[in-house]
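Residue numbers (my numbering), protein chains in the order written: chain C, 1 to 141; chain H, 142 to 622.
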């Protein structure tokens, strides 16, 4: 599985998803976010949710994708360990159809860590480089 | 690039597209760090952020940074900026995701000696009673209609429901109820995310601390605030929880569109903004008021729970735990200040900074007007916190603003590598501080060594003349999410 990374930020966390495709990078960025919150190894991918978001560019699309997922921890108390994403161009820019696989949060079993509050525009970056595609942003913890 | 203009005061001259200078209140060590980050070209760089804020339309006088300054999103943390109402903008990054995150401090009739024997039991009771950490749920469940009432009435709604004293409201900023709140400007998702979170502490740098007044520096102010050396107090640091976070997220998107719509020139995407007098700007301000009221309500519920915990363990009447003050440090407010010798209304953003009005202001509680309201400054869990107050100098130089904490020195990543949660816990125990936390990793990230020296930050604010220390507080019990 492609890696995710964290880059230094003084007050919060910069998450970076890396993949051979932009979709894979988006999935890894989501894993990076949820790894801040829980031990991913302890999350069972038993329930699926679907996500559809639009944005004018790939970077804002990353923000929209992560925002919906982060909100689920409060709306449905779900945390996720596996993701699938398909991105297509649209009249307004880009459309993402995605899914997250996870289960209801159990703070003790999942070894709850930090709460991610939101996705900032700081460090927001989606591009293809030597390592492959990178999807990166700073999340507020 | 930086000119020293006072003992702990530095000017960043206008260059490039800056409309006003930068003015940084800080000690030499902090200034050296800011310069080094700039010279190394670090991506997140508080000095560059001060300069970028100075480029915003309608900014008045200067882009300010206080002694706990460190990089934020667009605005530095510890950043203050005032804007003209007609030509200025409102900036999401100047408030942040945790709208009206702040501190409430309570005083008790107890002394350190009187809690020595029950400290462990008190820590356990508070750890059980105060919902904290990821996934925690509040004890107060609200309907959709009630959430809207919280957004408008803030702490008052909670007190009317029986979770607190009428007196509490006198000692909360704005009476615990920000004017101009419109629940119609807050998304359904934001409200739904909040249903289970009213009265929860959160995680990260949020905390509840039982502290003792270790030192009194300003006898007059301490007396007016009802604080005595050796007295036990409690400080609660939390904010608007998921509702505030979602408002911040929703309006970041709105403001990004508005920045383009109104052809606003901003130096960084994180400074997404809208004219104050625009639909977008007015909606955002109404939504921020909602988020702010949610934070006041949140801290009010936790206050009620704390009173209950202390009553159970220490046998004191709940009403004997009295509110000293409740103040936010992520806000945007309409205030009146003297600018170029004339009083005028401006919109002030304080990101990781508090209001710090000196004597004589009607915004302060009546009994505090002689000295000004308290500023509640969270230090680290291993060192100290402070209660300070504003000054006339601060009113003139810093729009009546104050520091909010020690400010981070290490990233969370570096802190997690350098410190081990259990070692931090042991080290605190050796100092007589009981730490109960829901996340061991969280302890490492919040280790005292991850923060600047609070003593130096307080000293810089004092030397700059903008804030003055009243008391120092030493932690006895720390509850973390």
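All C-beta atoms, glycine included, are put in the ideal place defined by N, C-alpha and C.
Starting from residue i and walking both ways along the beta strand (DSSP E), at which residues does that stretch end?
| i | result |
| --- | --- |
| residue 483 (chain H) | 483-492 |
| residue 211 (chain H) | 200-211 |
| residue 565 (chain H) | From DSSP, residue 565 (chain H) is part of no beta strand (DSSP E) but of the alpha helix (DSSP H) over 562-571. |
| residue 166 (chain H) | 163-166 |
| residue 577 (chain H) | 575-578 |
| residue 301 (chain H) | Premise fails: residue 301 (chain H) lies in the alpha helix (DSSP H), 296-301, not in any beta strand (DSSP E). |
| residue 232 (chain H) | 230-232 |
| residue 378 (chain H) | 372-379 |
| residue 145 (chain H) | 144-147 |
| residue 196 (chain H) | That residue, residue 196 (chain H), is in no beta strand (DSSP E); it is neither H nor E in DSSP. |
| residue 384 (chain H) | Careful: residue 384 (chain H) lies outside any beta strand (DSSP E), inside the alpha helix (DSSP H) at 382-402. |
| residue 363 (chain H) | From DSSP, residue 363 (chain H) is part of no beta strand (DSSP E) but of the alpha helix (DSSP H) over 360-366. |
| residue 415 (chain H) | 414-416 |
| residue 333 (chain H) | Element bounds for residue 333 (chain H): not the beta strand (DSSP E) but the alpha helix (DSSP H), 329-335. |
| residue 518 (chain H) | 515-518 |
| residue 348 (chain H) | 348-357 |
If residue i sits next to residue j, beta carbons under 8 Å apart, how far is it from one beta carbon to the other, in whole angstroms?
| i | j | result |
| --- | --- | --- |
| residue 232 (chain H) | residue 414 (chain H) | 4 Å |
| residue 296 (chain H) | residue 438 (chain H) | 6 Å |
| residue 48 (chain C) | residue 110 (chain C) | About 18 Å; that fails the 8 Å criterion. |
| residue 350 (chain H) | residue 618 (chain H) | 7 Å |
| residue 38 (chain C) | residue 15 (chain C) | Wrong, their Cβ atoms sit about 14 Å apart, outside the cutoff. |
| residue 153 (chain H) | residue 197 (chain H) | With 8 Å as the limit, residue 153 (chain H) and residue 197 (chain H) do not qualify as a contact, their Cβ atoms being about 15 Å apart. |
| residue 374 (chain H) | residue 249 (chain H) | 7 Å |
| residue 597 (chain H) | residue 168 (chain H) | 6 Å |
| residue 410 (chain H) | residue 121 (chain C) | 4 Å |
| residue 235 (chain H) | residue 490 (chain H) | 3 Å |
| residue 319 (chain H) | residue 433 (chain H) | 4 Å |
| residue 243 (chain H) | residue 467 (chain H) | 7 Å |
| residue 140 (chain C) | residue 554 (chain H) | So it is not a contact: roughly 15 Å between Cβ atoms. |
| residue 266 (chain H) | residue 412 (chain H) | Residue 266 (chain H) to residue 412 (chain H), Cβ: 45 Å. No contact. |
Would you list the residues sitting across from residue i in a DSSP beta bridge?
| i | result |
| --- | --- |
| residue 608 (chain H) | H:531 |
| residue 467 (chain H) | H:245 and H:313 |
| residue 47 (chain C) | C:102 |
| residue 78 (chain C) | C:104 |
| residue 16 (chain C) | C:5 and C:136 |
| residue 225 (chain H) | H:487 |
| residue 218 (chain H) | H:211 |
| residue 151 (chain H) | H:145 and H:165 |
| residue 477 (chain H) | H:486 |
| residue 127 (chain C) | C:134 |
| residue 84 (chain C) | C:99 |
| residue 89 (chain C) | C:94 |
| residue 472 (chain H) | H:491 |
| residue 621 (chain H) | H:348 and H:578 |
| residue 539 (chain H) | BP columns for residue 539 (chain H) are empty, so no partner. |
| residue 54 (chain C) | C:95 |
State the start and end residues of the unbroken alpha helix (DSSP H) segment that holds residue i.
| i | result |
| --- | --- |
| residue 65 (chain C) | 58-75 |
| residue 435 (chain H) | 420-455 |
| residue 261 (chain H) | 260-270 |
| residue 26 (chain C) | 22-37 |
| residue 256 (chain H) | 253-256 |
| residue 586 (chain H) | 581-586 |
| residue 593 (chain H) | That residue, residue 593 (chain H), is in no alpha helix (DSSP H); it is neither H nor E in DSSP. |
| residue 556 (chain H) | 553-559 |
*Scan the stretch 10-36 of chain C for residues whose Cβ lies nearer than 8 Å to a Cβ of chain H and list them as they occur along the chain.*
10, 11, 12 and 13
*Tell me, please, whether the stretch 580-594 of chain H touches the stretch 334-354 of chain H by the rule of three or more beta-carbon pairs shorter than 8 Å.*
yes
*Are three or more beta carbon pairs between the stretch 395-406 of chain H and the stretch 460-473 of chain H nearer than 8 Å?*
no
*Is there contact between the stretch 419-434 of chain H and the stretch 382-390 of chain H, where contact requires at least three CB pairs shorter than 8 Å?*
yes
_Members of the stretch 91-116 of chain C near chain H, C-beta cut-off 7 Å_ = 105, 107, 112, 113, 114 and 115
_Against chain H: residues of the stretch 58-69 of chain C by CB proximity under 7 Å_ = 67
*Any chance the stretch 203-212 of chain H sits against the stretch 262-279 of chain H, with 3 or more Cβ pairs inside 8 Å?*
no
*Would you call the stretch 167-182 of chain H and the stretch 512-522 of chain H in contact, with 3 or more CB pairs under 8 Å?*
no
*Interface residues of the stretch 553-569 of chain H facing chain C [CB-CB below 8 Å]*: 553, 554 and 555
*Are the stretch 515-534 of chain H and the stretch 589-608 of chain H touching by the rule of at least three beta carbon pairs closer than 8 Å?*
yes
*Spell out a yes or no on whether the stretch 10-26 of chain C and the stretch 142-159 of chain H are touching, meaning 3 or more CB-CB pairs, one atom from each, closer than 8 Å.*
no
_Counting beta carbon pairs with one atom in the stretch 292-309 of chain H and one in the stretch 89-101 of chain C, are three or more of them shorter than 8 Å?_
no
*In the stretch 173-200 of chain H, which residues sit with their C-beta less than 7 Å from some C-beta in chain C, listed in chain order?*
184 and 185
*Sufficient close CB pairs (3 or more, under 8 Å) joining the stretch 478-489 of chain H to the stretch 534-548 of chain H*: yes
*Specify whether the stretch 46-61 of chain C and the stretch 153-167 of chain H touch according to this definition: at least 3 beta carbon pairs, one from each stretch, less than 8 Å apart.*
no
*Check whether the stretch 325-339 of chain H touches the stretch 124-131 of chain C, counting contact only when three or more Cβ pairs, one atom from each stretch, lie closer than 8 Å.*
no
*Interfacial residues, the stretch 74-93 of chain C to chain H, with Cβ spacing under 9 Å*: 74, 75, 77 and 79
*According to a CB-to-CB cut-off of less than 9 Å, which residues of the stretch 213-230 of chain H neighbour chain C?*
213, 214, 215 and 218
*Using a Cβ-Cβ cut-off of less than 8 Å, give me the residues of the stretch 412-426 of chain H that come near chain C, in sequence order.*
413
*Given a limit of 8 Å on CB to CB distance, which residues of the stretch 275-289 of chain H reach chain C?*
275, 276 and 277
*asked:* Can you pull out the residues from the stretch 116-139 of chain C whose beta carbon lies closer than 8 Å to at least one beta carbon of chain H?
replied: 117, 118, 119, 120, 121, 122, 123, 124 and 138
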